[in-house]
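In my numbering, the protein residues as written are 1201 to 1338.
We put the beta carbon where it would ideally sit given N, CA and C, even for glycine.
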Amino acid sequence: MSKKHFIFFAWIISCIAMFVSLYYSEILEEEPCFLCWYQRISLFPLTIFLGVALYKEMLDIFAYTIAFPFFGMIFSGYQVILQEFPKIAHQNVCTLEEGGCAKKVLMFGYISLPVLSFIGSFLIGAFLLLSSVKKFSE
1201 MSKKHFIFFA
1211 WIISCIAMFV
1221 SLYYSEILEE
1231 EPCFLCWYQR
1241 ISLFPLTIFL
1251 GVALYKEMLD
1261 IFAYTIAFPF
1271 FGMIFSGYQV
1281 ILQEFPKIAH
1291 QNVCTLEEGG
1301 CAKKVLMFGY
1311 ISLPVLSFIG
1321 SFLIGAFLLL
1331 SSVKKFSE
């Protein structure tokens, strides 16, 4: 596989994640909490950056994009911890009320959106890391 393939896979995952996020907020009218917004901030630019990198064949984009999935994993991981252990949530950090970070929105009936966000950010980061390996320079 080439660098372009890995960047393409990262871009596809970021596009799917962006559309799922927008579907839940705009179509199903689920109000995103502030941690969801931080996850979006770390996700939405990747869709543009990776798409432009593919279009212009600028395949050395690792250094410019790796921080985005890293921060996405931090915010989504923190939200997963808040959802699974609500007693550690401080009132000034995240609310436990309706629409707060502790509200679980399940996809496929059993997996929460922050878990999907963590998995997506991890996969994007992994594909970006693979695209930076010298072995895949062709």
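Checking the sheet assignment: what are the DSSP bridge partners for L1259?
The residue you call residue 1259 lines up with position 59 of the sequence shown. Looking at the DSSP assignment, L1259 forms no beta bridge with any residue, so it has no partner.
Alpha helix (DSSP H) segment containing Y1278, residue limits:
Along the sequence shown, read from residue 1 onward, the residue named residue 1278 stands at position 78. Counting along the chain, the alpha helix (DSSP H) containing Y1278 begins and ends at A1267 to E1284.
Expected contact under 8 Å - CB spacing of F1270 and G1325 to nearest Å:
Here residue 1270 is taken as the residue at index 70 of the sequence shown, counted from 1. Here residue 1325 is taken as the residue at index 125 of the sequence shown, counted from 1. About 6 Å; that satisfies the 8 Å criterion.
Same chain, Cβ closer than 8 Å to L1257, five either side skipped, listed in chain order
Numbered from 1 along the sequence shown, position 57 holds the residue referred to as residue 1257. According to the sequence displayed, residue 1257 carries Glu and not Leu. Counting only Cβ-Cβ distances below 8 Å, and skipping sequence neighbours, we find K1204.
Using DSSP's beta-bridge definition, name the partner residues of L1306.
Indexing the sequence shown from 1 puts residue 1306 at position 106. Under the DSSP definition of a beta bridge, L1306 partners with S1312.
Report the three-state DSSP secondary structure of W1211 (helix, strand or coil).
Locating residue 1211 in the sequence shown gives position 11, where the first residue counts as 1. W1211: helix per DSSP, three-state reduction.
Spatial neighbours of M1273 within its chain, please: CB distance less than 8 Å, with the 5 preceding and 5 following residues excluded, ordered by chain position.
To locate residue 1273, count along the sequence shown from 1; it is residue 73. Result list for M1273: F1318, S1321, F1322 and G1325, in chain order.
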